[in-house]
Amino acid sequence: MRLPEVQQLVQSLSAENVGLRQEMESLQRACRALSKENGRLEVSGTHAHAL
3 MRLPEVQQLV QSLSAENVGL RQEMESLQRA CRALSKENGR LEVSGTHAHA L
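Under this note's numbering, the first residue of the sequence shown is numbered 3, with each subsequent residue one higher.
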């Protein structure tokens with residue numbers, strides 16, 4: 003591989019890494035939101051059983 007090819011590959015991989023990092027952060031936010039919602043559902047389910 004020649005230097006320009008390696009440089010292009012590094013640039014491409016860097017761009018892909020940025021995209022994957024953004025997707026990961028988005029998925030983490032969604033997981034946190036679902037976890038909070040699940041906690042609320044479990045609490046409300048517990049109260050329903052207590053009645």
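Ideal Cβ positions, reconstructed from N, Cα and C, are used throughout, including at glycine.
Small disclaimer: the values here were computed from a predicted structure and weren't measured.
**Cα-Cα separation between serine 28 and arginine 42, rounded to whole angstroms** = Locating residue 28 in the sequence shown gives position 26, counting from the first residue. Locating residue 42 in the sequence shown gives position 40, counting from the first residue. Cα-Cα distance, rounded: 21 Å.
**Message:** Can you look up arginine 42 in the DSSP assignment and give me helix, strand or coil?
**Reply:** Looking up residue 42 in the sequence shown gives position 40. Three-state result, arginine 42: helix.
**Item:** Secondary structure of methionine 3, DSSP reduced to three states
**Value:** Residue 3 sits at position 1 when you count from the first residue of the sequence shown. Correct three-state label for methionine 3: coil.
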